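What follows is a short report on a single structure.
In the working numbering, the protein residues as written are 59 to 142.
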């Protein structure tokens, strides 16, 4: 049996928040805003420390710092997974 590839938070977010799961057309402004924040932060981090891997979980927490109730919009219990 072939080993499954582990999905990143970004993969899950794009699958859930795009029309017909095309991973291109975001379904609403809130999703688009969050995606833009995360991509900008990822770009900043890769420019500052190109040799170090980017912590995907921290990208989401940083982007969602101002969100009500501190909930990770669009990822649900995935963010509570201890393997991440």
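By construction, the Cβ of each residue, glycine as well, lies at the ideal position given by its N, Cα and C atoms. From a predicted model like this one, the values you see are computed outputs, not experimental measurements.
- In this structure the region 84-97 lies against the region 69-76, because at least three pairs of beta carbons, one per stretch, are closer than 8 Å.
- Counting only runs of at least 4 residues, the region 74-120 fully encloses the following alpha helix (DSSP H) elements, listed from N- to C-terminal order: 87-106.
- DSSP, reduced to helix, strand and coil, places residue 65 outside both helices and strands of the structure shown, so it counts as coil.
- Between the alpha carbons of residue 91 and residue 97 lies a distance of about 10 Å.
- It is roughly 9 Å from the alpha-carbon of residue 68 to the alpha-carbon of residue 93.
- At a Cβ-Cβ threshold of 8 Å, residue 122 and residue 112 do not count as neighbours.
- Under the three-state reduction of DSSP, residue 72 is assigned to helix.
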